[in-house]
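Asks: A single structure is presented below for examination.
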Amino acid sequence: KKMASKIRVVLRPVKSILVRFCPFESNVESTRKFLGYINHKKIQATNRNCEVTADVRHDGSEPLVDVMFADGERLIMKGANLTTIEMLTALGSRCSAKELKEEQKSKKKSP
Amino acid sequence: GPGAGPERCPSAPLSAGWLPALQFVRRGSKAVTRHWKAMHFQRQKLMAVTEYLAPRPAVPPRCLPRRKETLEEDNGYARLLQRQVEEVFRDNRMIAVCQYNSMPGEDVVLMRHYLRKHDIEVKFVLNEIVRDVLSQSKYKNLLPLFVARNILLVSREAKAKEMLRVLKGVPQINLLGACIHDTILSRQGVENFAKLPSLEAAQGQTVGALALLPSQTSSLLQRGSAHLTALLDQHIRRLQAGETGSPAEPPPAQSTEAH
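Protein sequences, first through last, are from chains A and B. Each residue of the first sequence is one higher than the one before, counting from 1 in my numbering. Each residue of the second sequence is one higher than the one before, counting from 1001 in my numbering.
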């Protein structure tokens, strides 16, 4: 079983993360744990400029994670049927892919 | 050699010069044949007696009757924590549940300090303990809140405005809901509650609203006589200002008859 704290997420390409959920619903556990993990100091240390906002509602809407990347891309994860680890790995893989692209671009620019 | 017979040499190990107790006589066919040769009856008996009996596999534990798990053997520490939580719910009129995402230690201390100034205490709670307590009390609807890490902000008076102000400066604590005066509120409810005027102001507003209608009625009733008084005053002023005597008589008579 994978431990969520072992998943490394590099938040450099991320501009902002919005986590929206209704705490009185029963399908919010994974989203809340996700919020707890991205607020951890190790992940926050990778990018101090990334704003993490939590939107607590009471309108029966689904739990949602909305990630805005620095290059304009947007990732929306509906956490009702996802586990925390799935969400973290999805975000982590996209972040590392973008990091690689950035490195390649900077390598091309400065040979 | 083979002439030893069933004697045993005590000094040598068992395998050195020991012959089997039974020696088979060659009759007819040789010992090793191409066809299947029946064993000598004594050998058959020996083989039957020394047959390998596989050990019985143990019954898998799920087939056995289940032993009753002794739950009453509760942790004394857990019981103590439960008692503390029950006390918290009993003594405080405002209990706010917030999600705690890891914060640096100094920030926690600072936040505790600011909240203490408004008599709000911060309590870290364990979900299992709180779930046990809540499921047996009347606060069952708070149960779904207790997943992931939570803290309770408790206070004797419901100081929602100050609490919201402090929490605005701490982004890692997210207010989920509260139980104020035995009423469960969502985050929006807490914000609305904070915007309410104080009790004295609310009482004053109610009194004013209630007194509006009777004051309207009394002014309506007094309108007739007030009008009469105004007319008489005007008339007196006119008499004092002018010198006309005869038009003065009918107006007072008419208005007294109208009464």
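All residues carry an ideal CB built from backbone N, CA and C; glycine is no exception.
1) Beta-carbon separation of residue 38 of chain A and residue 17 of chain A under 8 Å?
2) Just the C-alpha distance for residue 83 of chain A and residue 98 of chain A, rounded to the nearest angstrom, thanks.
3) So within the region 1084-1148 of chain B, which uninterrupted alpha helix (DSSP H) runs reach at least 4 residues, ignoring any that extend past its ends?
4) Under 7 Å between beta-carbons, which chain A residues line up against residue 1174 of chain B? List them in chain order, please.
5) Could you list which residues in chain E have their beta carbon closer than 9 Å to that of residue 36 of chain A, in chain order?
6) Where does residue 54 of chain A fall in DSSP's three states?
7) Quick check for students: name the residue ranges of the alpha helix (DSSP H) that lie wholly in the region 1155-1226 of chain B, counting only runs of 4 or more.
8) Smallest Cα separation from residue 1105 of chain B: which of A:40, A:93, A:34?
9) Quickly, what does DSSP pair residue 1150 of chain B with across the bridge? List them, please.
10) What separation, rounded to the nearest whole angstrom, lies between the Cα atoms of residue 1144 of chain B and residue 1079 of chain B?
11) Nearest by alpha-carbon distance to residue 1111 of chain B: which of B:1205, B:1171, B:1033 is it?
12) Between residue 1165 of chain B and chain A, is the shortest Cβ-Cβ distance under 8 Å, so that the two count as touching?
13) Just verifying my parser: in three-state terms, what is the DSSP assignment at residue 76 of chain A?
14) Would you tell me roughly how many angstroms separate the C-alpha atoms of residue 1222 of chain B and residue 1199 of chain B, rounded to the nearest one?
15) Rounded to whole angstroms, what is the Cα-Cα separation between residue 24 of chain A and residue 1142 of chain B?
16) How close, in whole Å, do the beta carbons of residue 1187 of chain B and residue 56 of chain A come, if the pair is a contact with beta carbons under 8 Å?
17) Which one of B:1086, B:1149, B:1121, B:1092 has the shortest CA to CA distance from residue 1135 of chain B?
18) With a CB to CB cut of under 7 Å and the five nearest residues on each side skipped, what residues in its chain are close to residue 1041 of chain B?
19) Spell out a yes or no on whether the region 1050-1065 of chain B and the region 1108-1125 of chain B are touching, meaning 3 or more CB-CB pairs, one atom from each, closer than 8 Å.
20) Check the Cβ of residue 135 of chain A against every Cβ in chain B and list those closer than 7 Å, keeping chain order.
21) Less than 8 Å between CB atoms is the rule here; does residue 97 of chain A satisfy it with respect to chain B?
22) Locate the beta strand (DSSP E) running through residue 1032 of chain B, then write down its first and last residues.
23) Using a C-beta cutoff of 8 Å, does residue 49 of chain A count as contacting chain B?
24) Helix, strand or coil: how does DSSP classify residue 1049 of chain B here?
25) Kindly list, in the order they appear in chain A, the residues whose Cβ is closer than 7 Å to that of residue 1105 of chain B.
26) On a CA-only basis, which of B:1177, B:1132, B:1091 is nearest residue 1097 of chain B? Give me that one, please.
27) Quick check on residue 76 of chain A: buried or exposed, where buried means 16 or more other Cβ atoms within 10 Å of its Cβ?
28) Can a CB atom of chain A be found closer than 8 Å to the CB of residue 1188 of chain B?
Replies: Per the coordinate set shown:
1) Here residue 38 of chain A is near residue 17 of chain A, since their CB atoms are less than 8 Å apart.
2) 23 Å
3) 1105-1117, 1127-1135
4) 54, 56
5) This model lacks chain E altogether, as its protein chains are A and B.
6) strand
7) If only uninterrupted alpha helix (DSSP H) runs of at least 4 residues are considered, those enclosed by the region 1155-1226 of chain B are 1160-1168, 1187-1195.
8) A:40
9) B:1099
10) 22 Å
11) B:1171
12) Not one chain A Cβ lies under 8 Å of residue 1165 of chain B.
13) strand
14) 34 Å
15) Here the alpha carbon of residue 24 of chain A sits roughly 8 Å from the alpha carbon of residue 1142 of chain B.
16) 5 Å
17) B:1086
18) If we look at residue 1041 of chain B and ignore the five residues flanking it on each side, it has no Cβ neighbours.
19) no
20) Coverage of chain A is limited to positions 1 through 111, which leaves residue 135 of chain A absent and any answer about it impossible.
21) no
22) Counting along the chain, no beta strand (DSSP E) covers residue 1032 of chain B, and no H or E run does either.
23) no
24) helix
25) Per Cβ cutoff of 7 Å: no residues; residue 1105 of chain B is ~11 Å from chain A at best.
26) B:1177
27) exposed
28) yes
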